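Undergrad: Below is a structure I'd like to ask you about.
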Amino acid sequence: MADRKAETNAISGQPQKAIMDFDPPKKPKRNIYALACALLASMTSVLLGYDIGVMSGAMIYIKDDLKISDVQVEILAGILNLYSLIGSCAAGRTSDWIGRRYTIVVSQAIFFAGAGLMGFATNYAFLMVGRFVAGVGVGYALMIAPVYTAEVSPASSRGFLTSFPEVFINAGILLGYVSNYVFSKLPTHLGWRVMLGVGAVPSVILAIVVLWMPESPRWLVMQGRLGDAKTVLDKTSDSKEEAQIRLADIKEAAGIPEDCTDDIVQVSKRSHGEDVWKELLLRPTPAVRHVLIAAVGIHFFQQCSGIDSVVLYSPRIFEKAGITSSSKKLLATVAVGFVKTVFILVATFFLDKIGRRPLLLSSVAGMIFSLATLGFGLKVIDHSDHTVTWAVVLSITMVMAFVAFFSIGMGPITWVYSSEIFPLKLRAQGTSLGVAVNRLTSGVISMSFISLYKGITIGGTFFLYAGFALVSWVFFYFLLPETRGRTLEDMEGLFGNFKWNFPKNKNNNNIKEAGNSNGPNGQVQLGSR
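In full-length UniProt numbering, the protein residues as written are 1 to 529.
Below, the structure written as structure tokens:
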């Protein structure tokens, strides 16, 4: 056989090609170093998940122990989201000042103090002080985790890696539910305090582990530390060639000449975050305005779907559906957390294969159906004098379906999308603004759920959420272009022109960072060639 191949080569004068030569290029293997960095950074999101999950059960015992009203319960549950606005808004400037990595450490330290205060709270006012401190820490963590992960990830797996914060939020929710069930056996006055206070433990571990992570290469370039940035990019890229392309693109975005090879260079003050808010809010270009609307919109609609109401008040929802035993309600909430976590894990593997838009639109369509059906089931139960078994089963099934549909698209894509579309100079503050809207909307939704279902019935509340989800589907369809496979420096042509088709030309050398040139008044230019 080998002789026959040799003869063929000799006759044709052409080199022998094996069948494998005609195979399409293989997708690069996942970069283990980048994967480890993304995992460590994203673990900070466990804090929010744990707080949401544990509060859903702790509220039952806090209400009995401190003798508080339903309105006070609503405020206690949702106020952390409003407090986190402070952290998410401050985190953008903080991360530009001290770096992404140390901002993560700051978030852990603040949450540790908050969890300790909640665990030792002796009354409602003391508990609210703890909620305030913990909320600021959560705001910091929510903003910085997706930004760091997006900036350190290679384009080939950025969707997979940047979805990790949502994965760990779900893991935290599940841990909170499990904590509720385990510590519910303790005396009432002690059980809820242990539930809340034990959240301080992971923050200490994470703060220490994060110190072993490298700094974001994009932040290093913004500080003029090109040598350090090159070292990190070499470790987190799929190849040396990709590392060189990423470095060149980031340098251009930061206003550093491409032929500059010094390890340390002087950068303009603008690279440290000055005047960013003016470019983002007061004098945005059409493309920057489109980016801002997309980022703020996806965060707003994520929370308007009522996901935090379902997660926080699932024991009350199950009670309305006919489950009266406290232990059974807590077990049912554990099932919600389990379903949510499993489906978010499934979603992470499809973000870079299917794309953001198909997953997001499919997810929201499923949410609309499950919310409307849940509203119908709860309406039937409300208007019946006896137990309607099929309506109870339908309602419980639709709660599980809703969190499953949310987790395969709307949950992870919100964080992935909003962290990858902003140009380098606007990324930290732009992402923090999106997170601020997310937390504000979540706070309003979670602090109004009990009052809302008392006013328009619990079934009517979920019909309302379904309406919001329907509007969000239209918004996403018309305003969110596909970003799969693009580097962070490769978003220029996607925004401002409302062309949603994925470009055929994916040559990174020809498409540069959105924000690499300054127009009049120092504006970041996007969407212009």
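Glycine residues also receive a C-beta, built at the ideal position from the N, C-alpha and C atoms.
Note that the coordinates shown come from a computational prediction; the quantities given were computed from them, not determined experimentally.
For a cutoff of 8 Å on Cβ pairs, would you count L247 as touching chain D?
TA: Of the chains in the structure shown, none is chain D; there is only one protein chain.
Undergrad: According to DSSP, is I354 part of a helix, a strand, or is it coil?
TA: Here I354 sits in coil by DSSP.
Undergrad: Just grab the DSSP bridge partners of R225 for me.
TA: Bridge partners of R225: I264.
Undergrad: Rounded to whole angstroms, what's the CA-CA distance from L494 to S69? Just pull it up for me.
TA: Those two C-alpha atoms are separated by around 50 Å.
Undergrad: From E420, S325, G137, pick the residue whose C-alpha is nearest to that of L161; which is it?
TA: Residue E420 is the option with its Cα nearest to L161.
Undergrad: What's the call for F455, buried or exposed, on a 16-neighbour Cβ count within 10 Å?
TA: Just to set this straight, residue 455 is Gly in the shown sequence, not Phe. So G455 counts as exposed.
Undergrad: Considering Cα atoms alone, identify which of F475, V221, A335 is closest to N180.
TA: With distances taken between Cα atoms, N180 lies closest to A335.
Undergrad: So the alpha helix (DSSP H) V437 belongs to, where does it begin and stop?
TA: Unbroken alpha helix (DSSP H) run through V437: 424-456.
Undergrad: Going by beta-carbon coordinates alone, are L233 and D262 separated by less than 8 Å?
TA: In this structure, D262 does not lie closer than 8 Å to L233 by Cβ.
Undergrad: Near N521, what residues of its chain come up, given a Cβ to Cβ distance below 7 Å and the 5 sequence neighbours on each side ignored?
TA: Summary for N521: the model assigns pLDDT 44, below 50, so the residue's position carries little reliability, and this model does not support an answer.
Undergrad: Helix, strand or coil, according to DSSP, for A121 in the structure here?
TA: A121: coil per DSSP, three-state reduction.
Undergrad: Where in the region 291-336 do unbroken runs of the alpha helix (DSSP H), each at least 4 residues long, occur, reported from the N-terminal end onward?
TA: Listed in chain order, they are 307-312, 314-320.
Undergrad: Measuring alpha carbon to alpha carbon, tell me which residue in K63, V152, S442 is nearest residue 530.
TA: Coverage of the chain is limited to positions 1 through 529, which leaves residue 530 absent and any answer about it impossible.
Undergrad: If you count every other CB in all the chains shown that lies within 10 Å of the CB of K67, and 16 or more means buried, which is it?
TA: When all chains shown are included, K67 counts as exposed.
Undergrad: Going by Cα to Cα distance, which pick from L206, Y83, Q429, M59 is closest to V106?
TA: It is L206.
Undergrad: Where do the ends of the alpha helix (DSSP H) carrying A91 lie?
TA: Segment 70-98, the alpha helix (DSSP H) holding A91.
Undergrad: Excluding the five sequence neighbours on either side, which residues of its own chain have a C-beta within less than 7 Å of the C-beta of L372, listed in chain order?
TA: Per the sequence presented here, residue 372 reads as Ala, with Leu not at that position. So the list reads F463, A466, once near-sequence residues are dropped.
Undergrad: With burial defined as no fewer than 16 other Cβ atoms inside 10 Å of the residue's Cβ, what is the status of E74: buried or exposed?
TA: Its Cβ being crowded by 16 or more others within 10 Å, E74 is buried.
Undergrad: Between the alpha carbons of A287 and G297, how many angstroms are there, rounded?
TA: About 15 Å.
Undergrad: From D23 to S157, what does the alpha carbon distance come to, in whole angstroms?
TA: Caution applies to D23, whose pLDDT of 48 falls short of 50 and renders its modelled position unreliable; the value that the coordinates give is listed next. Roughly 22 Å between the two C-alpha positions.
Undergrad: Grab me the residues of V346's own chain with a C-beta within less than 7 Å of its C-beta, minus the 5 sequence neighbours each way, in chain order.
TA: Excluding positions up to five away in sequence, the list reads I408.
Undergrad: Report the three-state DSSP secondary structure of D275 (helix, strand or coil).
TA: In the structure shown, D275 sits in coil (DSSP, three-state: anything other than H, G, I, E or B).
Undergrad: In whole angstroms, give me the CA-to-CA distance for L127 and I144.
TA: Near 26 Å, if we compare the C-alpha coordinates of I144 and L127.
Undergrad: I'd like the span of the alpha helix (DSSP H) that includes W415, first residue to last.
TA: Note, W415: alpha helix (DSSP H), 410-420.
Undergrad: Only counting the same chain, and skipping five residues up and downstream in sequence, which positions put a Cβ closer than 6 Å to that of A436?
TA: L85, S88, C89.
Undergrad: Among K340, V147, Y313, which residue has its Cα nearest to the Cα of F426?
TA: Sequence check: residue 426 is Leu here, not Phe. When only C-alpha atoms are compared, the closest one is V147.
Undergrad: Please say whether T457 and K379 have beta carbons closer to each other than 8 Å?
TA: Cβ distance < 8 Å, so K379 and T457 count as in contact.
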